[in-house]
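The opening residue of the sequence shown carries number 32 in this note's numbering; numbering runs sequentially from there.
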Amino acid sequence: MTSVPPAAPVCTTLPCALCRGSLATVVGSHDRNGAALRTVACEGCGLVWVDPRPFDSRQFYEQDYRRAYKNTFEPRPRHVLRAGRVALDRWSRIKRFLRPGMRVLDVGSGGGEFSYLLTRLGLHVVGVEPNVGYAQYAQREYALDIRRGFIGDVELEAASRDLVTIWHVLEHTEDPGAVLRKLRHVLAAQGLLVVEVPNIEATCQSPRSTFHAAHLYHFNVATLQALASCNGLQAIDHRLSPDGGNLTMVFRAADKAAACESRIEGNHERVTRVLAAHRPLRHLLRPATALRTIRRLAGALDERLTLWKGKPTGKVVLDELYDQALRLGRVPESFPALRLVGWAAGAVAAAWWLECELVDDAHQFAWTTAQGTAIYFALLASALVGAWLVTRRRSPKDMRLRLGGLSLILALMPVLH
Ligand SMILES: [Zn+2]
32 MTSVPPAAPV
42 CTTLPCALCR
52 GSLATVVGSH
62 DRNGAALRTV
72 ACEGCGLVWV
82 DPRPFDSRQF
92 YEQDYRRAYK
102 NTFEPRPRHV
112 LRAGRVALDR
122 WSRIKRFLRP
132 GMRVLDVGSG
142 GGEFSYLLTR
152 LGLHVVGVEP
162 NVGYAQYAQR
172 EYALDIRRGF
182 IGDVELEAAS
192 RDLVTIWHVL
202 EHTEDPGAVL
212 RKLRHVLAAQ
222 GLLVVEVPNI
232 EATCQSPRST
242 FHAAHLYHFN
252 VATLQALASC
262 NGLQAIDHRL
272 SPDGGNLTMV
282 FRAADKAAAC
292 ESRIEGNHER
302 VTRVLAAHRP
312 LRHLLRPATA
322 LRTIRRLAGA
332 LDERLTLWKG
342 KPTGKVVLDE
352 LYDQALRLGR
362 VPESFPALRL
372 VGWAAGAVAA
382 AWWLECELVD
392 DAHQFAWTTA
402 QGTAIYFALL
412 ASALVGAWLV
422 TRRRSPKDMR
432 LRLGGLSLIL
442 ALMPVLH
């Protein structure tokens, strides 16, 4: 194995948003679509950013962002379903901090799925969203209080919010330090700020997908904590998602802000080492990569199964999903489709084997031995238990009945033959 010589530092066009340094190492030269995009890591603190800036981000987020991502101006039912599941995941990460009656600010409220979930939990939510189509949709569909605009421009009363959430927005902003300062300003005494960003040390995605033009900044635990600290916020909790892809941190307003000029010893080396070690071939060969692909396929299949009846409104989709989660007090299993596929394949294999066992060469049904009878009843029982396990957690009643009927037919196949 040959070692890669450390890249020579370059002068950046923008100073580092954390330590104000302007010496950095180039860690990426292309975005996920293969277009040229220079991404650098600060020598002083390890903060990663796109340098120079690729576009006019105002116009992009007001009009083009959703269309560029999803080819739509308003969310479709499957986007609502997917975002609803993400909202439930987020809820599970912070529910220990939630109290009914809390005044919440949800920054980057998008199609309104998370804000709507919090209103269902009895919290008073104001959303902020720059995208016209999504903001209007959330107002109309869920009757939410959404202020349209960028968080830097929207008027918000000081010390007026018990909880502020900003999910996957900070990395898109031109001045993340100023955004954190503004959010601290709206926090009430003992109020909490929840920030989630992609983790720059993540290796769950392909290395070719790490950088793209919409993410102007990339953080790890050290840089996010330091940036928040020098803007008057004290970290009280942080956690990574199970795949390491997302970093969620919870902050409280600190008595005074720390200095912003400090270096973070060893963080530049740490970040560049992780990025350099994340190679396409190695990534492809990891079992987690195959599992992620299967999960995505199962998720897409699950969306189709859930929405097979037609085109429900966003509110119908979310109410069904949230009713179930709030009844259970936890997130319903995300991808039962994966188990459904596994179980169906097992049932077909078992039925085929049973048919080979019980039907003789003359195509006469040889139902004579006690062994055959026992196998048959075992299969019947396992099919019914399987159908029940697959469907008990989430499916509406009629879907459960259909699956029960299907499993019965499968189990009776040898008899009907
Ligand atoms: Zn720096």
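Glycine included, each C-beta is placed from N, C-alpha and C at the ideal position.
Check, Outcome
"Where Thr254 sits in the DSSP three-state scheme", "helix"
"Three-state secondary structure assigned by DSSP to Leu415", "helix"
"Whole-angstrom distance between Pro40 and Arg51, CA atom to CA atom", "15 Å"
"DSSP three-state assignment for Thr344, whether helix, strand or coil", "coil"
"Near ligand 1: Cys42 beta-carbon under 7 Å from a heavy atom", "no"
"Selected residue, minimal CA-CA separation from Arg277, among Trp198, Phe408, Pro131", "One detail in the question is off: residue 277 reads as Asn in this sequence, not Arg. It is Trp198 whose Cα lies nearest to the Cα of Asn277."
"DSSP-derived helix/strand/coil call for Arg9", "This structure cannot speak to residue 9, because the chain is shown only from 32 to 448."
"Cys235: CB within 7 Å of a non-hydrogen atom of ligand 1", "no"
"Collapsed DSSP secondary structure at Glu300 in the structure displayed", "helix"
"Cβ-based burial, Asp286 [other Cβ within 10 Å; buried from 16]", "exposed"
"Distance CB(Cys235)-CB(Gly183) smaller than 8 Å", "no"
"Own chain residues within Cβ distance below 6 Å of Gln193, not counting five before or after", "One detail in the question is off: residue 193 reads as Asp in this sequence, not Gln. These residues qualify, in order along the chain: Met133, Arg134, Ala219, Gly222."
"Other residues of its chain near Arg69: CB distance less than 8 Å, five sequence neighbours each side excluded", "Val57, Gly59, Ser60, Val81, Asp82, Pro83"
"For Ile406 and Ala307, the rounded distance between their alpha carbons", "55 Å"
"Beta carbon of Tyr173 nearer than 8 Å to that of Lys346", "yes"
"Reduced DSSP category for Glu461 - H, G, I as helix; E, B as strand; rest coil", "Since the first and last residues shown for the chain are 32 and 448, residue 461 lies out of range."
"Residue(s) in a DSSP beta bridge with His249", "Val79"
"Length of the line joining the Cα atoms of Leu119 and Leu112", "11 Å"
"Proximity to Thr196 [Cα-Cα], best of Pro46, Thr303, Glu227", "Glu227"
"Supposed contact pair Ala48 and Pro207 - C-beta distance, whole angstroms, cut 8 Å", "6 Å"
"Where Asn64 falls, given that 16 or more other Cβ within 10 Å makes a residue buried", "exposed"
"Beta strand (DSSP E) runs wholly inside the region 145-223, at least 3 long, in chain order", "155-160, 176-179, 192-198"
"Burial state of Ala66 (16 or more Cβ within 10 Å)", "exposed"
"Nearest-angstrom Cα separation, counted from Asp354 out to Ser34", "Because Ser34 carries a pLDDT of 42, less than 50, the predicted location of this residue cannot be relied on, and the following value inherits that uncertainty. If you take the alpha carbons of Ser34 and Asp354, they lie about 55 Å apart."
"DSSP three-state assignment for Phe282, whether helix, strand or coil", "strand"
"Backbone CA spacing between Ser140 and Thr279 [nearest angstrom]", "17 Å"
"For ligand 1, residues whose Cβ lies under 5 Å from any non-hydrogen atom", "Cys47, Leu49, Cys50, Gly52, Cys73, Gly75, Cys76, Leu78"
"Cβ-Cβ separation, Leu154 to Leu129 (assumed contact under 8 Å), whole Å", "7 Å"
"Where Leu453 falls, given that 16 or more other Cβ within 10 Å makes a residue buried", "Because the chain in this structure spans residues 32 to 448, residue 453 falls outside the shown range and cannot be described."
"Close Cβ partners of Arg301 (< 7 Å) along its chain, the five nearest in sequence each way excluded", "Gly77"
"Nearest candidate by alpha-carbon position, reference Pro131, set Val156, His110, Leu315, Arg310", "Val156"
"Closest by C-alpha distance to Tyr165, when choosing among Leu152, Ser146, Arg151", "Ser146"
"Host beta strand (DSSP E) of Val117 (start-end)", "No beta strand (DSSP E) holds Val117; the alpha helix (DSSP H) holding it covers 108-125."
"Opening and closing residue of the beta strand (DSSP E) in which Ile267 lies", "264-271"
"First through last residue of the alpha helix (DSSP H) which encompasses Arg134", "It is not in any alpha helix (DSSP H) - Arg134 instead sits in the beta strand (DSSP E) that spans 134-138."
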